[in-house]
Every structure is written in C-alpha cells, then in structure tokens.
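K.L.:
Chains A, B and C, in that order, are what the protein sequence lines are.
In terms of this note's numbering, the first sequence opens at residue 75 and continues consecutively.
In terms of this note's numbering, the second sequence opens at residue 4 and continues consecutively.
In terms of this note's numbering, the third sequence opens at residue 18 and continues consecutively.
My questions will all concern the structure given below.
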Amino acid sequence: MSTSKMNPFTITKAVDFSDQEIRDYWVELTNPASFFSEIIKPNAAMPMIILGGKGSGKTHIMRRYSHQIQRIGGSGSVLSDIRTNGYVGIYVRCGGLNASRFFQKGISEDIWTATFAYYMELWFSQNILAVFKDCIAELNDQEQTERSLCNEIEKIFDIPPEQPLSTLDEVINYLSRLQKSVDANVNNAPFLGTLNITVNLSRGSLIFGIPKLLERLFNLENVVFLYLIDEFENLSINQQIYINTLIREKQEPASFRIGARLYGIKTSKTLSGGEENREGSEYESVYLDANMRSWDKYATFVRELFTKRLSIASFIHTETMDQGSISKYFELVDHDLAIREMISRYTQNDKPYFVKLKDKLEAALTKRVAPGVSTNSDIEKILANLAFPQNPVLEKCSTIILYKGWSRKQNLLQLSVEIRAWSAQHHDKGDVPEYKKILSYFKTDLVAQIYRECRNSQSVGYTGIENYITMSKGLPRNFLIILKHVYKWASFNGEQPFGNTPISLTSQEQGVKEAANWFFRDAQIAVDNNKYDVEKSISMLAELFKEIRFSDKPAESSPCAFSVDLTTCTSLAKSAILRAETLSLLISVDDGARQKNSMRTVSKYQINSMLAPRWDLPIALRGTIGLSDDEVNAIFDPNFYDDFTRLKSNRLSRMNAPFQEASRAIMSSNSAMQSLPEEQIELL
Amino acid sequence: MEVYKTHLKNKIRRLHESLWEGRANGKEIEQWLQNFNEGENGGEKEKLHALFLLSNFMYFGTREIRELLKAIYRDLYKYPIIKRIRRSLSDTLDTDKIEEMFQVELKKSRFLAVGNPSESGHHLLYYFRQENRLSKDVFTHLSETFSIAPTGPITLKDPTIRNYVFIDDFCGSGQQAAEYLSASVSSIKALNPDAVVSYCSILGTKDGVSHLRNNVQFDKVEPIFLLDETYRSFAPQSRFFDKSEAFIDKTFAMAMCYKYGGRIWPVGCDQIHYLGWRDGQLLIGFHHNVPDNTLPIIWGNEEDSKWHPIFKRFPKFV
Amino acid sequence: MDYSIFYKDDYTSPDQVNGHWDYFISAFNSSDRVNNVFDLVSADIKYWLVFPEYGFQPEEVPVGSHFLAGNDEAECMLGFLRQSGIQAHHRVCIDITGFIRPHLIFMICWLHGSGVKTFDAIYSEPSQYLKKEDTTFSDGKVTTIRQVKGFEGQHSPDLSNDILIIGSGYDDILISQVAENKNNAKKIQIFGLPSLRPEFYQQNILRAELASESVGRDTGEHHNSYFAPAYDPFVTANVIAEIINKERSMKQLSNIYLCPLATKAQVLGFTIFYLYELSEGGASIIFPFCNKYAKETSTGVSRIWKYTVELP
C-alpha cells in the first residue's frame, strides 16, 4: 500500500465506537441551538419515537444522551450532573432482550404477552438500578437511603422476596435471578409445552415505580427519567403493543424515547381497551432522515464531520477547514473541457453520437421510416449539416433536435439544414429557443450521454465532495461510506489521499461506484417476510430511468423520480413501495401534494441518489415521471412483473428512433398522461 | 467486456486488500498488464485473460502459512498419535493422561526441514516451532541425524527417535525433495526399521506426492492440500475454466501463456516448462516465494527476461 | 476440555465407512454424495428426512421419506424424533451433510436431553462449489433472526461486553444479517482454514469481505478473526474455547452469541462446545432463518468424514 496511514473513514457505525469515542467524534453545530437536543428533547416529558434509516445517526444520538456517555467529562458528582442536565438517560437495546423467544412453542399469545411484560419489568429495572448503583456513595445518609429504597422496591412485588433486600446489589441480583428463572422456563417450553412462571409484578410497577422512588429518595425533582429504547424493530407486534401501553400509561417522572428503523413501528395499538396511541397526543415522532435532509446546516455538518475525521487521524492539524480547502482534496472535472478533449480523439465521422445516428438512419432507410431520407447520400448530408466541431455539446444537442423532429415526422433533411443555421447562431449569440430549452433542462443528461457513449461509463459525474454530500441524502453514514471507498481505491491506485495531490477522478469514480453497490446490498439486510421483491423492483425502476436518460430523445430531464397514485395501484405494489421507502431505497419527495386540477393524491419518490452510480442516474432531483398504474404494478407487484418488459418498451418507443410505436404508445398510455401534472408533459 | 474487466479488477483489488498482504496493487497490476501487448487494441484480449488468470491466483500469506503449519502438526502428526494413545487407554477422557503419554512420543520425534539452511524450508520450520510452541529439542537437521565415526559405519545419533517428520511448503513434481531426501531416508530406515519417517507439506500435487511415495521410503507422504489435475489451469477438467465466462477463451489463454512462457524461460529451455516447471500450470504462491510450477506469466523475472512479474519469484541459485 | 481427542476418521469413498448402527438418519438432497452414503451405510433402520426449505416434491424423494413439518425447528424435529424409536442406548449415526443447520443443532440437543451419550456424524466434503465464490446456499429471504430452540440461554441486561462468534461461510448476506442483529456485540469470525479445498478459503474470504461493513470494526484487524479447519468439529470447538478464554481474560463478558454459518462440520463443533461449556449461562446460538435453501450447490465428492461425538 502506498500510504501507511489508516483509512480515516473506516469506522462508519456508532456501535463500533467506545463511549469515549462517541464523545470524541461528536460534531455539534451549536449555533443557534443544538440540533440534536432539539430532536431528542431530553427534558421533555412527552414520549417520542425517533425513526431513522440505516446510517441516520439514530443510535449515535440516542447513545449520546445515555447516562454512560453523559457522565464522561462530568463534574465528578453523578447526581449533581443529573440535576443540572435535568434528565438521566437509561439506554436499553431491544436486541438484547432476544424477544423472539417469547413466541409459539405451543404456548398461547396471551401467556406470552404476560410473560414478556413481566420480563420487561425485570429487564428495565436492572438497567435503571445499574445506573444508580454507583451514586449511592454520593449520598449523605448512604446506608439509610439505600435500605429505604430497597424496602420500597420490595413492597412493589406482589409476593415479596424470601430474604429481605438491603442493598442495591442484592436487589439487582434478585431481579437477575427472577429473570433467569423466566429464561429457563422459556427455553424449556419447546420440550414441555408449558410455562411455569409466577408473574410477581403488575404492569409498569417497577418501570414507573423505581423512578418515583429515586426522585424522592435521591432528591431528583424535576429530573426526567428517560428510557431510551433502541432497536424497537426487534420486537414483535404484541411486544410493541405492550411498550405502546407503557407509553400510554406513562407515569412521571419517567418518559420514553423509542428508536426504530423506518420500518420498525409495527403497530400503535395498546392493551388499554384496544386504544391506539396517536401522534401529538401520546407521543411525538421525529423522522431523522427527513429532518437531516431538510436541515439547512446538513452540508456544513458533514464537512465538519470530514474535518474531524482527518484531524483525529492526523492527516491535518487543524480543527476547522473551509469549503474550498476541503474541495481541493478531490480532483475536479471541467465537463466542457473534458468532453472537448474526449471528442477530439475521434474523427468527425467516428464521433459516437454520429455513429449511432447514422446507424439508426440507415436502418430506418431500409424500412422507409425516416421522413425525408431516401438515399445514403441524404444521410451523409444530414450528418454534415449537424457537424459543429467547435462545440461537441452543441453537436450532441443538434442530434437531439433531429430526433425530436423525427418523432414528429418532420422532413429530416430539411430539418438538418435548419439545425445547421441554428447551431451556428446559438454558438454565436446563445439565443436559439430550441437549444436554450434543451441545454437548460437536459445539459447534465447530454453530458452523461456523451461520457457514456465515449467511455461506457459516466461515473465521472459523481466526483467531488459536494456531490458526495448531495448523494448521502441526509444520512451521514452514507457520506462516510463514500469517502471510505474512495480512500480505499485511491490507496490501491498508488495515490496519497489527503496529501499534496488531489484524489484522482478515476479513484473517485471507482470508489463511488463501489459505495453505490454496497448501499444497494446493505439496504436489504433486513428481515423480510413479504411476497414482493424490493431488490428486483428497484432494479427494474432504475433500469427504466436509465434507459430514459440515455434514449435518443429523453422525455424527462434528470430521470430519477416518479409519481404514483398509491390508491389505484395494487395493495402489494403499494406495500412494496412503502417498504422500499423504509429501506431508504426510495426517498419520498414530498408528503403527497394534491395534484393540480385533480382530487387524486399523488405520491412522489426519488431513487436514493446513493444508488445513482450503479445505474448512471442523475443525483439532482428535477421533475418526476408519472407512472401509470400498469407500470407501477409491473414494477412493484410480483403478479405483474412479466408485464414490465412490454410496458417499458412501449414507453421507450417514443424516445428512441424510429419512434414507430409512438402514436400507438401514446394512445395506450393515455391513463398515464392523464395522471401527469402539466409540467411533466414531454419536454422534448 | 469493459464491465467484466472492471469486475475482475475489483475482485483483484479485494484480494489485494483482504488476502494478498497488500501485494498486486493497482499500479503493479497496470505495469504487469503492459507485458501483454500483442493483438488488437494493444493486446486488449490478452490483458483481459491475464486478469482472469490473476483473479484465480491462490496466495498463501504469512498468517495462512502459519495456520497451515499448525494444521500439519495438529492434524497430520499429533492427532494420529493421540488417537492411538486414547484407544490404548480404553477411550479415556482424561486429557492430562493422554497429554502425558503424548509428550513421551513427542520427545522421541524430530522435525526437519527440506533443503539446506539457506532455503525456505528452515524459516518454515521456525514458524512451525513458534506456532506449535515446541521446544528446540525436537528439531534437528539432516546432518545432525547421523553420526559418522572416523572408522566404522554410519549410525543414528539418537536411535531412540521414533518419528522423523520432514516439513515442506510445496511438493511440486517431488523430484527435488526426492533427490534431497531419498538416500537419507533410506539410511534412517535401514538403521532403525521401526522409525516412522513422514513427509508433510502445506500443498502437494498428486504427481509429486506419488513420486515421493514411489521413490522414497517414506512411511507417510501427506499434504494438507492435495492438488489434483483440476488445479492445472488448462487441464481438461480445470476448475478455473469450468464456469463458462462470456469473454474468456481457454484455448486463447493457454496459447498466450505458452507464448510468453517461452520468452520468460531462458533460451534453450525445454518447452515442457513454458506453462510452469514440468507443465505445472499452477496458480499458487506463498508469501516467501512463488513455485516455478506456477504459470510463468505470474512470476517471470524482469532482470532475465524483461518481464514485469506480478508476484516475484526468488529462484534457487545453483 | 480438549475436544480434539474425540475420534474422527476420513475415507475416500462411502463403501469404506465402517460401523453398524441401530439408526441412520440423513437429510435428503440431490447430491450423489449424500445418496451414496445412505445406500452404503450399514444400519438396522434408516430414515430420510425431507426438509421443507429445499422445496422437494413427494415424487422427487425416495419412498418412505419423512417430510418434516412444523412452525420451527423444534416442532419439525420433535415431530420426527418422538416417533423415531431412538432411545438413549441406541447406536445412532447422522449424515449431517444435507441438514438445515438449526434443525441439526436442535436434534443434537434432543439427543443430549434423551440421554444419548455418543453418536456418529458423517460429513461428505464437496469437490467444488458450482458457482465458486458466487455460491449461495440460502435461496430465499431471511425471515427472522433468533435463537435456535433449546439454545436460548439466560442473557444479561448488561450489554456492555457482548461478543458474537460467527462461523463465517460463503453466505455474506447471512453474516451481515446476524452481525447487524447483534449490532453492539463485538464480532469475532472463524474462517475455515484448512478449508475443504485450497481455493475455498480465498473464495470464503472474498464473500465474507462483502459483510465487513456489517461486521464492523474488526475489518483487517487480525485479532478478531480466527481459523478452524472447515472439516473438523472438534478443533472448531477448541478454537471457540480459545476465543472465549481470551476475551474473558481481557474483560468480563456480558453475553455470548454463537452463530455457525459455515460447514456442517463446524456447526457440529459449535453445538458440542455450547452443550459442554455454555448451556448454563448468558450464551445462546442464534441463526438467520431463511424460508428456502438451494437444493444442490456443489459437485463431486472429496473426503468423507465420520466423527464420533461424545456428549456431556
């Protein structure tokens, strides 16, 4: 390896950080207020559900507010710090409960629910007492208080312990024994078919009772005892109902912060007469990803993250860097210059877009479907008229205009003569409407097309840190992953990343592509009982967008988003789309604004731009493509997957020469056209 | 084809990072690919086939070699003894008793390298000792095995030794090991017919193992990994070409390797070696060296033949 | 306990497998290696088990095969074992080659609980995997990640020093799934070396590397990966012991999770170790359950092993 330095972006997950590192790597933008404490609101009594996709920083944030992290760098008096902060965070991971054990084995659901509830009391209370065990020494009347606390806890049990408990250690050990007894019974259930457990507590008695006792005996008035329950998605529906019930029946000073993946909330039902918890009433919810995406300081935040990583890894010796300095680490591309240089290697007749055009005209000539073209000589004239060697992008634009005319059955030879004049005029004055429109809406796509035609890849369009920030789509971990892979490739290629020379375009392209592949694979690492195949659906959708983008006459600029009426597609398709959203493969563009002049609600989704390099898609969101119900079902409902090829072909036929199916396709996709807002009617 | 080429490069990069101890980085690969420059587009097809072969290269780094030396000791030497001891003690579970008896056997065993002290066998033996936490006393050299009195016959220095175990990294054709050891092994067996003389290697070809079994009086010849015919790159049953890849042509690859192999070996060298010593056609290498049974395109020497190797070979100088 | 003293023998063909048993149990799959062993092994009663995950139809399997059915591995195996006639004193032989891992693990628990002191396990190594490093064994989605029944343990609420020991095979998706399920645990991987064939190790590493982001911090750090022979359950058990002893020497462990995703021989090793040393504490065997598995992933037969498993 050409550099002996470790990759500063190796660690991308909060779980891999020690408690000290959570503090050290923490980036807080404190002006004007702490973004993250505004999310968690640790002092607020209202319970909160924090939903975040993988890499949203959910665990990092929740751990940051746990007691274990809060006490690092404290004053030395844990109780004083708790009083100052106004809260104490008791961090609990649902994954540690191994809750799937409380299921089936020939036992009824009711018994499991009661058993699980009992188990939770024992589990949570061990956690909270472990936090306060070490605080006893700070109390003036340590022995007396401890004994009082233990006595009060004993009284909570329906059947008190055989031996009186006089220290917190004894209480914790007692709770542990009870818990292990439940474990042993649960483990043996498959063989015995029964459970032999005496439930010795009522619901919430310890979970709420212990904070009340601590508040009184440890003088912790106005302190919120915050149960930070993470990995909520690991609980079954019935188990979540139980926690929902605790939320509903919450007793101060306790409160809850529930952390879950986007797909993690399975129900809002409770055991309280079948009532459901309602947002705004029993809880607030925060969508971390969406918050981060709309956070105006997100870009600044990730640049600080970047700087911090370089600083800790000793690549730099400063705590701050400006945007310009950061950008210099990455080779940047001037697309106009690069294209000129690429195209200059071809002779006029070998330029890829002209070779393609010529092939299409020749094929169409034999079938007589190229209006105004009756001989090979006509083809040569057309190509000559489109030639504008001084400006390859303009040349490319000219081919688009010709294709557009072809789709409208214009005389191509005559049109090419007009194009010749227009291109010269636009080159000089920049005022030809056709060119202005195309370059305004489609330049990025034209550039991508040229790259792809010349290099079979256009991933150079994803290079530079500003693109990485855009691609990460509000998930800091995605940003780190991109940098991790870029660094790896740069090292492999013999470069010195974050040294004196910028990371090459090649290394960036390779890294960003690998990050995209990683993201696609990683998004699907989730338990899945469903009939649909999200991976396949996203692949089909992306292929469709790709083919639109690289068609002869792309109907949409920057195709990476679609609109759909979720009320009219099949329920399986809808479920698949929503699932893809919870896996962050699709990002909701808005909250389903009402379409103009229509009462139907249209939802809009963008393919996560982390995936863009995998399919050469754009990362910037512009318009959305209206998909018909048939198309949506073909992409997302397994019962209709077989229709996809045909429907895709129909749609693309009006974008690719010789545009023969255009009129029929337009007729058959009328339903699609009706659902499109006006601005999405074909731009070309 | 570009997509497939990128896929191969990516695979090699991942091997470079995870298994190849940082060898064969991007720059070295580009330099190596410059060797393949005949045919259209500057040897595009040759380069692709070279990458394909490289992506199938099996490399054993230091960590792997050490682990496999542990396996030689544990699985090939120790376990048969343990098994015998345990059976003799009526299948006892008393591991202390078993170990006690094993130690007696161990003290009567000697581990030896193949080749002279300057060769790789001896550093292998050093790793072997370290990994298996063995005392120096159970190691010896072939020259230390015999006593030659000024007058009188050759005798074994320690006739109580019951096990002689020769440790090697690779048994290719078996000829070198046979030449080096045949006479000594015969002497040991003649002087102590009850002694068990074994040859254990990390890798061994089927032909090489057969050669040793047929030509040297070993009681046991056993590699950890036996390389059968399918490990020869261009054999009919080659496991590298059994999956049909769209752009890969076995015949083309073979011809390419043969052509360049002929340029890599010294002038006048027998053609049988063009695809590796004695037509080895292998794709293996170790941290410390690449056997010449491996395709020469992998290890060809730049001083002798102006060839940029991707994994350097350190030849034995005779 | 030094598990490497347990007996094992290797053969080059099924007709060399010596021994006679009261019961022989095998999991049906399409491979010659499994079918040949079934035909040639000497036993009074032989059972073919058909696992629903392979998706075999009745006409595809031998007459008299036992189709397993149930909600989980416990129900499936108990449904068979309770009527099999196997008792503590019987000589039992199991061809573990085609078994679905959790079912194999559970069955061993049942044998142990039923008083069986020793049984033989046969394992046939493949010569090649059909798709090399692209081979996948699971064929469907992971529907749940949970403890294997009978191996659920008594875990501690203190999660501060959990470890997850993964026997890492080719299925990188399964490795990722289980690693992310125990996100906070320190992940330690065991790779098969010596592998069944020399190139399998490299293929294995390439696949497991895809899961490196999920596994986390130990990427590239050798002290978090170990080796155990892919074909040796007993040395595998020793390696797990070594890992746990080492981790305990550094800091008290809060919870231990085992997840055997590599060869069936290693699965046996994980199970044996658990029964001997972990069944009383905060340890469990977890597994990413799939609803489908590939019927056949390999070709050819290399060695055939017979392991004599002695239960605690």
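Every residue, glycine too, gets a C-beta built ideally from N, C-alpha and C.
Please read these numbers as outputs of a predicted model, since none were measured by experiment.
Would you call the stretch 650–657 of chain A and the stretch 583–593 of chain A touching, i.e. three or more CB-CB distances under 8 Å?
P.N.:
no
K.L.:
Less than 8 Å between the C-beta atoms of residue 635 of chain A and residue 678 of chain A, yes or no?
P.N.:
yes
K.L.:
Which value, in whole angstroms, describes the spacing of the CA atoms of residue 42 of chain C and residue 116 of chain C?
P.N.:
The straight-line gap separating the alpha-carbon atoms of residue 42 of chain C and residue 116 of chain C is approximately 10 Å.
K.L.:
Beta strand (DSSP E) containing residue 208 of chain B: first to last residue?
P.N.:
199–208
K.L.:
Helix or strand or just coil, what does DSSP make of residue 517 of chain A?
P.N.:
Correct three-state label for residue 517 of chain A: helix.
K.L.:
With three or more C-beta pairs closer than 8 Å as the rule, is the stretch 55–73 of chain B touching the stretch 18–29 of chain C?
P.N.:
no
K.L.:
For the alpha helix (DSSP H) holding residue 715 of chain A, just list the boundary residues, first then last.
P.N.:
Unbroken run through residue 715 of chain A: none, as it is neither H nor E.
K.L.:
Residue 16 of chain B touches chain A at which residues, Cβ-Cβ below 7 Å?
P.N.:
566
K.L.:
What would DSSP say about residue 176 of chain C, mapped onto helix, strand or coil?
P.N.:
coil
K.L.:
I'd like to know if residue 83 of chain A contacts chain C, where contact means its C-beta is closer than 8 Å to some C-beta of that chain.
P.N.:
no
K.L.:
Residue 324 of chain B versus chain C: which residues are under 8 Å apart at the beta carbon?
P.N.:
Since the displayed chain B opens at 4 and closes at 321, residue 324 of chain B lies outside it and no answer follows.
K.L.:
Considering only residues of the same chain and omitting the five flanking positions on each side of residue 165 of chain B, which have a CB-CB separation below 8 Å?
P.N.:
Around residue 165 of chain B: 108, 111, 112, 197, 198 and 199.
K.L.:
Can you grab the Cα-Cα spacing for the pair residue 307 of chain B / residue 292 of chain B, in whole Å?
P.N.:
17 Å
K.L.:
Please classify residue 253 of chain B: does DSSP put it in a helix, a strand, or coil?
P.N.:
helix
K.L.:
Taking all protein chains shown into account, decide if residue 27 of chain B is buried (16 or more other Cβ within 10 angstroms of its Cβ) or exposed.
P.N.:
buried
K.L.:
Would residue 281 of chain C be called buried (16 or more neighbouring beta carbons within 10 Å of its own) or exposed?
P.N.:
buried
K.L.:
Would you call the CB atoms of residue 175 of chain B and residue 280 of chain B closer than 8 Å?
P.N.:
yes
K.L.:
Mapping DSSP to helix, strand and coil, what is residue 236 of chain B?
P.N.:
The answer is coil: DSSP assigns residue 236 of chain B none of H, G, I, E or B.
K.L.:
Could you give the first and the last residue of the continuous alpha helix (DSSP H) run that contains residue 3 of chain B?
P.N.:
Beyond the ends of chain B as shown, which are 4 and 321, falls residue 3 of chain B; an answer cannot be given.
K.L.:
Report the three-state DSSP secondary structure of residue 404 of chain A (helix, strand or coil).
P.N.:
strand
K.L.:
Does the separation of the CB atoms of residue 209 of chain C and residue 279 of chain C fall below 8 Å?
P.N.:
Yes, they are a contact pair.
K.L.:
Can you tell me whether residue 731 of chain A is buried or exposed, with buried defined as 16 or more other CB within 10 angstroms of its CB?
P.N.:
buried
K.L.:
Check whether the Cβ atoms of residue 225 of chain C and residue 192 of chain C sit closer than 8 Å, and answer yes or no.
P.N.:
yes
K.L.:
Taking the alpha-carbon positions, what's the residue 131 of chain B to residue 300 of chain B distance?
P.N.:
When rounded, the distance between both Cα atoms is 31 Å.
K.L.:
Quick one: residues in its chain with C-beta nearer than 7 Å to the C-beta of residue 19 of chain C, no 5 flanking neighbours on either side, listed in chain order?
P.N.:
255
K.L.:
So what does residue 567 of chain A bridge to, in DSSP terms?
P.N.:
Residue 567 of chain A pairs with nothing; no bridge assigned.
K.L.:
Across which residues does DSSP place residue 204 of chain C in a beta bridge pair?
P.N.:
Residue 204 of chain C is bridged by DSSP to C:181.
K.L.:
Consult DSSP for residue 85 of chain A and reduce its assignment to one of helix, strand or coil.
P.N.:
Collapsing the DSSP output to three states places residue 85 of chain A in coil.
K.L.:
For residue 185 of chain B, which residues of its own chain have a beta-carbon under 6 Å away from its beta-carbon, when the five flanking residues on both sides are left out?
P.N.:
These residues qualify, in order along the chain: 219.
K.L.:
Counting only runs that start and end within the stretch 228–308 of chain C, where is the beta strand (DSSP E) found for 3 or more residues in a row?
P.N.:
242–245, 273–277 and 300–307
K.L.:
Following the continuous beta strand (DSSP E) through residue 78 of chain C, name the residue where it begins and the one where it ends.
P.N.:
It is not in any beta strand (DSSP E) - residue 78 of chain C carries neither H nor E in the DSSP assignment.
K.L.:
How should residue 317 of chain B be labelled, buried or exposed, when 16 other C-beta atoms within 10 angstroms of its C-beta is the threshold for buried?
P.N.:
exposed
K.L.:
Rounded to whole angstroms, what's the CA-CA distance from residue 194 of chain B to residue 159 of chain B? Just pull it up for me.
P.N.:
7 Å
K.L.:
Which residue comes first and which comes last in the alpha helix (DSSP H) that contains residue 474 of chain A?
P.N.:
466–481
K.L.:
Let's see if you can read the secondary structure: which residues bound the alpha helix (DSSP H) around residue 52 of chain B?
P.N.:
43–58
K.L.:
Rounded to whole angstroms, what is the Cα-Cα separation between residue 264 of chain C and residue 270 of chain C?
P.N.:
7 Å
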